[in-house]
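Structure record follows, encoded as structure tokens.
In this note's numbering, the protein residues as written are 646 to 801.
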């Protein structure tokens with residue numbers, strides 16, 4: 646098995662749902678037991694962590710923890726961020742994540758596939774990472790968002 650690029654990386658996951666954090670931890674540490682997985686369940690705790698610690702990657706829920714505000718803070722500290730959502734799975738949230746410089750946007754129903762998305766966020770620069778995301782997720786997004794969603798993003 647190929648060694649994960651996550652090896653030795655420090656990852657912060659922020660979500661107000663403990664079960665989501667448990668799945669993330671299981672998936673990430675299952676693929677790479679040597680990475681450091683840390684978590685926060687509240688906005689204030691996440692702000693403290695992002696301001697005071699260095700992370701290789703930050704995973705943010707959009708809704709329950711004011712994810713877009715945390716995204717702006719994390720990006721201002723040059724951290725790579727993956728947005729995670731269930732309730733805010735919309736073309737508008739996808740576009741906003743892109744505009745605010747998240748590295749990826751992952752529906753929670755794809756948590757079982759999170760590791761390759763995280764690896765892409767670490768290995769690809771901003772534009773090529775989003776291109777890969779759209780290539781991987783086009784069928785999923787077409788089904789969720791309906792026709793015309795790409796035009797609304799300015800992506801076609």
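The C-beta atom is built at its ideal place from N, Cα and C for all residues, glycine as well.
Being a predicted model, the structure only gives us computed values, none of them experimental.
What is the C-beta distance between residue i and residue j, in whole angstroms, given that I count them as a contact (C-beta under 8 Å)?
{"i": "residue 613", "j": "residue 748", "result": "Residue coverage of the chain in this structure runs from 646 to 801, which leaves residue 613 outside it and unanswerable."}
{"i": "residue 695", "j": "residue 715", "result": "7 Å"}
{"i": "residue 751", "j": "residue 759", "result": "6 Å"}
Give the secondary structure of residue i by DSSP, where H, G and I count as helix, E and B as strand, and everything else as coil.
{"i": "residue 710", "result": "coil"}
{"i": "residue 752", "result": "strand"}
{"i": "residue 840", "result": "The displayed coordinates of the chain run from 646 to 801. Any statement about residue 840 would go beyond what the structure contains."}
{"i": "residue 683", "result": "strand"}
{"i": "residue 650", "result": "coil"}
{"i": "residue 699", "result": "coil"}
{"i": "residue 705", "result": "strand"}
{"i": "residue 730", "result": "strand"}
{"i": "residue 597", "result": "Not covered by the structure: residue 597. The range shown for the chain is 646 to 801."}
{"i": "residue 801", "result": "With a pLDDT of only 46 at residue 801, under the threshold of 50, the placement of this residue in the model should not be trusted; the figure read from the coordinates follows. Three-state result, residue 801: coil."}
Is residue j closer than 8 Å to residue i when the C-beta atoms are compared?
{"i": "residue 736", "j": "residue 775", "result": "no"}
{"i": "residue 718", "j": "residue 654", "result": "no"}
{"i": "residue 676", "j": "residue 666", "result": "no"}
{"i": "residue 704", "j": "residue 729", "result": "yes"}
{"i": "residue 689", "j": "residue 757", "result": "no"}
{"i": "residue 651", "j": "residue 763", "result": "yes"}
{"i": "residue 680", "j": "residue 707", "result": "no"}
{"i": "residue 734", "j": "residue 647", "result": "no"}
Rounded to the nearest angstrom, what separates residue i and residue j at their Cα positions?
{"i": "residue 687", "j": "residue 678", "result": "25 Å"}
{"i": "residue 693", "j": "residue 787", "result": "37 Å"}
{"i": "residue 697", "j": "residue 731", "result": "28 Å"}
{"i": "residue 783", "j": "residue 691", "result": "31 Å"}
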